[in-house]
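Here the sequence shown is numbered in full-length UniProt numbering, starting from 1 and rising by one per residue.
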Amino acid sequence: MGNCASPQYATNCAFTFTLHSQSTVKIVHTDGSLQEFKQPIKANLVLSQNPNCFLCNSESMYVNSHLPHVADDDELQLGQIYFLVPLSKSHALLSLQELCSFAIKASSALAHQTPDIHPQKYGRFSMEMVRDIENSDWV
Numbered sequence: 001m002g003n004c005a006s007p008q009y010a011t012n013c014a015f016t017f018t019l020h021s022q023s024t025v026k027i028v029h030t031d032g033s034l035q036e037f038k039q040p041i042k043a044n045l046v047l048s049q050n051p052n053c054f055l056c057n058s059e060s061m062y063v064n065s066h067l068p069h070v071a072d073d074d075e076l077q078l079g080q081i082y083f084l085v086p087l088s089k090s091h092a093l094l095s096l097q098e099l100c101s102f103a104i105k106a107s108s109a110l111a112h113q114t115p116d117i118h119p120q121k122y123g124r125f126s127m128e129m130v131r132d133i134e135n136s137d138w139v
């Protein structure tokens with residue numbers, strides 16, 4: 001992860017957020033709090049409680065790209081981490097600093113989750129840099 005902070009990699013950098021647990025749907029709110037569901041849930045149910053936000057799947061976040069919105073009728077999947085993001089950021093490009101901020105927010109939220117689903121019991125949160133082998137660039 002240290003190499004990705006270098007400016008030479010900042011333009012073609014992406015991270016894969018992985019939670020080594022299939023137990024719940026995890027939603028990280030703008031204030032860093034964590035909301036969990038033990039069964040898949042439709043995105044519109046979460047969004048109806050957060051009207052000035054959109055949902056983004058942690059696995060589809062790329063530096064210098066727009067944050068893709070989870071569709072209202074999409075079902076949020078167990079084992080996935082989603083972020084609630086203010087609508088004001090829906091057209092902005094994601095910077096490396098913002099991506100790292102999302103990772104820190106998720107890691108902190110997971111560290112404070114309820115004891116029955118603590119990361120030490122079910123696994124850990126990791127963030128990996130992905131490399132595009134075909135283009136030999138970091139993506």
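For every residue, glycine included, the Cβ atom is placed at its ideal position computed from N, Cα and C.
query = For the candidate residues Ile81, Leu47, Val46 and Glu75, whose alpha-carbon lies nearest to that of Met61?
reply = Ile81
query = Using DSSP with H/G/I as helix, E/B as strand and the rest coil, what is Lys26?
reply = strand
ask   = Straight-line CA distance for Leu45 to Ser90?
value = 19 Å
query = beta strand (DSSP E) containing Gln35: first to last residue?
reply = Leu34 to Phe37
message = Using 8 Å for Cβ pairs, my map puts Val28 next to Leu99. What's the rounded Cβ distance?
response = Contact doesn't hold; Cβ gap of about 13 Å is too wide.
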